Amino acid sequence: MGANSSSISELPENEYLKKLSGAEPISENDPFWNQLLSFSFTTPTNSADLKLLEEATVSICKSLVEKNPRTGNLGSLVKVFLSRTKELKISAECQNHLFIWQARNALFIICCLLKVFISRMSEEELQVHFTYEEKAPGSYGTECEDLIEELLCCLIQLIVEIPLLDITYSISLEAVTTLIVFLSCQLFHKEILRESIIHKYLMHGRCLPYTSRLVKTLLYNFIRQERSPPPGTHVFQQQTDGGGLLYGIASGVATGLWTVFTLGGVGSKPSPQQEQCSPLANQSLLLLLVLANLTDAPDTPNPYRQAIMSFKNTQDSTAFSSSNPHAFQINFNSLYTALCEQQKSDQATLLLYMLLHQNGNVRTYVLARTDIENLVLPILEILYHVEERNSHHVYMALIILLILTEDDGFNRSIHEVILKNITWYAERVLTEISLGSLLILVVIRTIQYNMTRTRDKYLHTNCLAALANMSAQFRSLHQYAAQRIISLFSLLSKKHNKVLEQATQSLRGSLGSNDSPLPDYAQDLNVIEEVIRMMLEIINSCLTNSLHHNPNLVYALLYKRDLFEQFRTHPSFQDIMQNIDLVISFFSSRLEQAGAELSVERVLEIIKQGAVALPKDRLRKFPELKFKYVEEEQPEEFFIPYVWSLVYNSAVALYWNPHDIQLFTMDSG
Numbered sequence: 001m002g003a004n005s006s007s008i009s010e011l012p013e014n015e016y017l018k019k020l021s022g023a024e025p026i027s028e029n030d031p032f033w034n035q036l037l038s039f040s041f042t043t044p045t046n047s048a049d050l051k052l053l054e055e056a057t058v059s060i061c062k063s064l065v066e067k068n069p070r071t072g073n074l075g076s077l078v079k080v081f082l083s084r085t086k087e088l089k090i091s092a093e094c095q096n097h098l099f100i101w102q103a104r105n106a107l108f109i110i111c112c113l114l115k116v117f118i119s120r121m122s123e124e125e126l127q128v129h130f131t132y133e134e135k136a137p138g139s140y141g142t143e144c145e146d147l148i149e150e151l152l153c154c155l156i157q158l159i160v161e162i163p164l165l166d167i168t169y170s171i172s173l174e175a176v177t178t179l180i181v182f183l184s185c186q187l188f189h190k191e192i193l194r195e196s197i198i199h200k201y202l203m204h205g206r207c208l209p210y211t212s213r214l215v216k217t218l219l220y221n222f223i224r225q226e227r228s229p230p231p232g233t234h235v236f237q238q239q240t241d242g243g244g245l246l247y248g249i250a251s252g253v254a255t256g257l258w259t260v261f262t263l264g265g266v267g268s269k270p271s272p273q274q275e276q277c278s279p280l281a282n283q284s285l286l287l288l289l290v291l292a293n294l295t296d297a298p299d300t301p302n303p304y305r306q307a308i309m310s311f312k313n314t315q316d317s318t319a320f321s322s323s324n325p326h327a328f329q330i331n332f333n334s335l336y337t338a339l340c341e342q343q344k345s346d347q348a349t350l351l352l353y354m355l356l357h358q359n360g361n362v363r364t365y366v367l368a369r370t371d372i373e374n375l376v377l378p379i380l381e382i383l384y385h386v387e388e389r390n391s392h393h394v395y396m397a398l399i400i401l402l403i404l405t406e407d408d409g410f411n412r413s414i415h416e417v418i419l420k421n422i423t424w425y426a427e428r429v430l431t432e433i434s435l436g437s438l439l440i441l442v443v444i445r446t447i448q449y450n451m452t453r454t455r456d457k458y459l460h461t462n463c464l465a466a467l468a469n470m471s472a473q474f475r476s477l478h479q480y481a482a483q484r485i486i487s488l489f490s491l492l493s494k495k496h497n498k499v500l501e502q503a504t505q506s507l508r509g510s511l512g513s514n515d516s517p518l519p520d521y522a523q524d525l526n527v528i529e530e531v532i533r534m535m536l537e538i539i540n541s542c543l544t545n546s547l548h549h550n551p552n553l554v555y556a557l558l559y560k561r562d563l564f565e566q567f568r569t570h571p572s573f574q575d576i577m578q579n580i581d582l583v584i585s586f587f588s589s590r591l592e593q594a595g596a597e598l599s600v601e602r603v604l605e606i607i608k609q610g611a612v613a614l615p616k617d618r619l620r621k622f623p624e625l626k627f628k629y630v631e632e633e634q635p636e637e638f639f640i641p642y643v644w645s646l647v648y649n650s651a652v653a654l655y656w657n658p659h660d661i662q663l664f665t666m667d668s669g
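The UniProt record's numbering numbers the first residue of the sequence shown as 1 and each following residue consecutively.
1. Looking at THR349: is its Cβ nearer than 7 angstroms to the Cβ of GLN358?
2. Determine whether the beta carbon atoms of LYS89 and GLU161 lie at a separation below 7 angstroms.
3. I'd like to confirm the pairing. Which residues does DSSP put opposite LYS420 in its beta bridges?
4. Quick one: what does DSSP say ASN526 is sitting in, helix, strand or coil?
5. Tell whether a beta-carbon distance below 7 angstroms holds between ILE433 and HIS385.
6. May I have the straight-line CA-CA distance separating ALA613 from ILE330, to the nearest angstrom?
7. Going by C-alpha to C-alpha distance, which of ILE110, LYS86, ILE148 sits closest to LEU37?
8. Please state whether DSSP places LYS18 in a helix, a strand or coil.
9. Please list the terminal residues of the continuous alpha helix (DSSP H) segment that includes GLU124.
10. Would DSSP call residue 733 helix, strand or coil?
11. For the segment 544-560 against the segment 602-622, are there 3 or more C-beta pairs whose distance is under 8 angstroms?
12. Distance cutoff 7 angstroms, beta carbons only. Does ARG70 sit that close to anything in chain C?
13. Within 8 angstroms, do at least three Cβ pairs link the segment 178-193 to the segment 304-322?
14. Contact between the segment 441-456 and the segment 597-612: three or more CB pairs below 8 angstroms?
15. Runs of 4 residues minimum, wholly inside the segment 464-514: which ones carry the alpha helix (DSSP H) assignment?
16. Consult DSSP for ILE330 and reduce its assignment to one of helix, strand or coil.
17. Here's a check: name, in chain order, each residue in its chain whose Cβ is nearer than 7 angstroms to the Cβ of LEU126, leaving out the five neighbours to either side.
18. Starting from VAL58, trace the alpha helix (DSSP H) both ways and give me its first and last residue.
19. Which residues mark the beginning and the end of the alpha helix (DSSP H) in which PHE117 is found?
20. Since PRO279 contacts SER321 with CB under 8 angstroms, what's their CB separation in whole angstroms?
21. Are LEU625 and ALA481 touching if we call contact CB-CB under 7 angstroms?
22. Taking the beta carbon of GLY409 as the centre, do at least 16 other beta carbons fall within 10 Å, making it buried, or is it exposed?
23. Count Cβ pairs between the segment 52-64 and the segment 96-107 that sit closer than 8 angstroms; are there 3 or more?
24. Please return the same chain residues whose Cβ sits closer than 6 angstroms to the Cβ of PHE182, not counting the five positions on each side in sequence.
25. Can you tell which of SER493, ASN497, CYS463 has the C-alpha that lies nearest to the C-alpha of LYS628?
26. Buried or exposed: SER585, going by 16 or more other Cβ atoms within 10 Å of its Cβ?
27. Could you tell me which residues DSSP puts in a beta bridge with ASN313?
28. What residue range is occupied by the uninterrupted alpha helix (DSSP H) comprising LEU11?
29. Using a Cβ-Cβ cut-off of 8 angstroms (strictly less than) and excluding sequence neighbours within five positions of ASP581, which residues of its own chain qualify?
30. Nearest to ARG363 by alpha carbon, out of LEU114, ILE382, THR405?
31. I'd like the list of long-range same chain contacts for GLU93, defined as Cβ closer than 8 angstroms, with 5 residues on each side in sequence excluded.
32. With a 10 Å radius around its C-beta and 16 neighbouring C-beta atoms as the bar for buried, classify ASN657 as buried or exposed.
33. Rounded to the nearest angstrom, how far is the Cβ of VAL366 from that of TYR336, given a contact under 8 angstroms?
34. Just to confirm, are ASN68 and LEU20 a CB contact at a threshold of 7 angstroms?
35. Give me the Cα-Cα distance between GLN186 and LEU165, rounded to the nearest whole angstrom.
36. Could you tell me whether the Cβ atoms of GLU373 and LEU435 are closer together than 7 angstroms?
Quick look at the structure:
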């Protein structure tokens, strides 16, 4: 970089980059560094742009990997950066553009080089590149052995201490991204890393005291969603006679004419999506998720996860527990608003899951909100558009619903929230519906989609568990929601009959032939009967606990009463069918007494009157349906690949060659 480079294609021949990657050691006090760091551009905001940069500089990086153990130039560059960060806070306060600009450039080069180094070597080999110091052959300075730790600690200090201004936005973003790159060694291992040099530095020693401040800052970066300042904000105005993609601006530093380069072309305008997003918020959230999912050390639990599990609301005046030194306070109202607004992204949904599952303070706060629809509706949209989402995102959304439905207060309150005109629900015009009824509709739709497409038992189980948790609190179910409950039972009934018929035919056919093994229809039948049993329990739970609140469900039940006939004597369903059979018989009798040709309104009126007249003691009591979400054993086997797939696929992430990735296959993200 530095002077005399006018395009990306010329970077491999750039004299400053060639010297950096050459065979001669460069002292950290050499004027060369001022020349190298005299370039300006806006940070690339997508992996395609970064791919262009990486492809142009691959020869430089390879040369440095080869020669750095003898020259120590990477270490010198790091020391130059470290020396310049000592005055960053003052520079920000004094609006010292030049100082911040060069420090940011140094970090950008370090980050680009580090990514290549980590993808090509082990952590032990990486340490060798950081431990060079010009002394007697074969001896290393003890201070240099901690250069990685010093850099990590410096990056964390930069993130938590430097105020976020237009002129510091770029270096703050680069610091967050560089920490992600430091941790990206996981991408190049098939197995989950349980022992890592970088993890050790971050969870012990000099970095440890900054744990809570780092987590808090990353959360606030996510909450604030600060957009990237327009190109040129942190530098002087672009030269009017400029051309090409990259300018040498050594002369510009002297004259005050700074230039701007973007990988997409000089002066190119960002897309509407780029204008609306916040690269810093996105990267901060990704880093937070990566840190929270680091595996515990043999002697210490993950401090970043501890911080996420224990932080409290700024309104909470209770004392912190002495057992957790990483606890802190944050504004829950701002956090809740950000979580509601950002649920279209996988990473925001994953953060919401983690907070609800692991932080009791957040869960209690969320469940006490009187505007819970602001959080639930985006989650329902994720499930509604299941065809467009990856399976992990759908699972997270579903588990969030399951966690919420563990609370009886939530299950009651969602039926009190009335929504108008749900435009994204296309199957039927919903001009007015309760949040509870809409939730039921979306979950049932997810079950039906799963039955015809993915056939995932885990998805079925969690959908039904959420419905079961809500069933005792069903109130004033919308006519369409009641119909869909019975329609789902009808679909299951048909599927049951079909598999039963296939099993019978297969058994008959096998009597005359023993050439091929029989399909396992017994297992299929068992799975379907488990789901049917669950649906009957959900219907029964509603009837026994809130019959008088749900005339539409009784109406739908009577309308499709023939569906239940075959299950009355079935040994797997006899007990649970008693109440349903009683309700059908009781209300059928009252309707017969009322005569024929009854209008819908008259039928509903008879049902409401009958609900009051039906003696409650005639309905058999069953144990309350309550399902609690339990995280799988070794959850890191799921979450770590998932988080890194989000990093890999992020629009503002660094580019990694897909052929180098070992943690997951390219279609698993």
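We put the CB at the ideal spot given by N, CA and C, even for glycine. The structure displayed is predicted, hence computed values, not measured ones.
Walking through what the data contain:
1. Against the sequence shown, residue 349 aligns to sequence position 349. Against the sequence shown, residue 358 aligns to sequence position 358. THR349 is not a Cβ neighbour of GLN358, given a cutoff of 7 angstroms.
2. Position 89 of the sequence shown, counted from the start, is the residue given in the question as residue 89. Position 161 of the sequence shown, counted from the start, is the residue given in the question as residue 161. In this structure, LYS89 lies near GLU161, with their beta-carbon atoms less than 7 angstroms apart.
3. In the sequence shown, counting from the first residue as 1, residue 420 sits at position 420. DSSP links LYS420 through a beta bridge to GLU432.
4. Working through the sequence shown from its first residue, we reach residue 526 at position 526. When DSSP states are grouped into helix, strand and coil, ASN526 belongs to the helix group.
5. Taking the first residue of the sequence shown as 1, we reach residue 433 at position 433. Taking the first residue of the sequence shown as 1, we reach residue 385 at position 385. The answer is no: Cβ separation not under 7 angstroms.
6. Position 613 of the sequence shown, counted from the start, is the residue given in the question as residue 613. Position 330 of the sequence shown, counted from the start, is the residue given in the question as residue 330. Just so you know, the alpha carbons of ALA613 and ILE330 end up roughly 53 angstroms apart.
7. In the sequence shown, the residue the question calls residue 37 occupies position 37. The shortest Cα separation from LEU37 among ILE110, LYS86, ILE148 belongs to ILE110.
8. Here residue 18 refers to the residue found at position 18 of the sequence shown. The three-state secondary structure of LYS18, taken from DSSP, is helix.
9. Taking the first residue of the sequence shown as position 1, residue 124 is located at position 124. Here the alpha helix (DSSP H) through GLU124 covers 123-130.
10. The structure shown does not extend to residue 733, since the chain is modelled only from 1 to 669, so the question has no answer here.
11. Touching, yes, given that three or more Cβ pairs across the two stretches are closer than 8 angstroms.
12. The structure shown has no chain C; it contains just one protein chain.
13. Flag = no, the segment 304-322 and the segment 178-193 do not touch.
14. In this structure the segment 441-456 does not touch the segment 597-612; the number of beta carbon pairs closer than 8 angstroms is below three.
15. Fully enclosed alpha helix (DSSP H) runs of 4 or longer: 479-510.
16. Taking the first residue of the sequence shown as position 1, residue 330 is located at position 330. Three-state result, ILE330: strand.
17. Here residue 126 corresponds to residue number 126 of the sequence shown, with the count starting at 1. Closer than 7 angstroms at the Cβ level, and outside the excluded window around LEU126, lie PHE117, ILE118.
18. As a position in the sequence shown, residue 58 is number 58, starting the count at 1. For VAL58, the enclosing alpha helix (DSSP H) stretches over residues 47-71.
19. Reading the sequence shown from its first residue, position 117 is the one you call residue 117. Counting along the chain, the alpha helix (DSSP H) containing PHE117 begins and ends at 97-120.
20. The count along the sequence shown starts at 1 and reaches residue 279 at position 279. The count along the sequence shown starts at 1 and reaches residue 321 at position 321. Between PRO279 and SER321, the beta carbon gap of about 36 angstroms keeps them out of contact (Cβ cut-off 8 angstroms).
21. In the sequence shown, the residue the question calls residue 625 occupies position 625. In the sequence shown, the residue the question calls residue 481 occupies position 481. No.
22. As a working note, residue 409 is residue 409 in the sequence shown. If you draw a 10 Å sphere on the C-beta of GLY409, you find fewer than 16 other C-beta atoms in it, and that means exposed.
23. The segment 52-64 makes no contact with the segment 96-107: fewer than 3 CB pairs, one atom from each, lie closer than 8 angstroms.
24. For this step, residue 182 is matched to residue 182 along the sequence shown. Residues of the same chain with a CB within less than 6 angstroms of the CB of PHE182, apart from the 5 flanking positions on each side, are ILE198 in chain order.
25. Here residue 628 is taken as the residue at index 628 of the sequence shown, counted from 1. Nearest C-alpha to LYS628: CYS463.
26. Within the sequence shown, residue 585 is the residue found at index 585, counting from 1. It is exposed - the Cβ of SER585 has fewer than 16 other Cβ atoms within 10 Å.
27. By one-based count along the sequence shown, residue 313 stands at place 313. Here ASN313 is bridged, per DSSP, to ILE330.
28. Numbered from its first residue, the sequence shown carries residue 11 at position 11. Per DSSP, LEU11 belongs to no alpha helix (DSSP H) and is neither H nor E.
29. Translated into the one-based positions of the sequence shown, residue 581 becomes position 581. Contacts found: PHE564, ARG568.
30. Within the sequence shown, the letter at position 363 stands for residue 363. Comparing alpha carbon positions, the residue from LEU114, ILE382, THR405 closest to ARG363 is THR405.
31. The residue labelled residue 93 in the question sits at position 93 within the sequence shown. Around GLU93: PRO163.
32. As a first step, residue 657 must be located in the sequence shown, where it is residue number 657. Its Cβ having fewer than 16 others within 10 Å, ASN657 is exposed.
33. As a first step, residue 366 must be located in the sequence shown, where it is residue number 366. As a first step, residue 336 must be located in the sequence shown, where it is residue number 336. Sure, about 7 angstroms apart at Cβ, within 8 angstroms.
34. Translated into positions along the sequence shown, residue 68 becomes position 68. Translated into positions along the sequence shown, residue 20 becomes position 20. Contact flag unset, no.
35. Residue numbering aside, residue 186 sits at position 186 when the sequence shown is read from its first letter. Residue numbering aside, residue 165 sits at position 165 when the sequence shown is read from its first letter. Their backbone Cα atoms lie some 32 angstroms apart in a straight line.
36. Here residue 373 refers to the residue found at position 373 when the sequence shown is read from its first residue. Here residue 435 refers to the residue found at position 435 when the sequence shown is read from its first residue. The beta carbons of GLU373 and LEU435 sit closer together than 7 angstroms.
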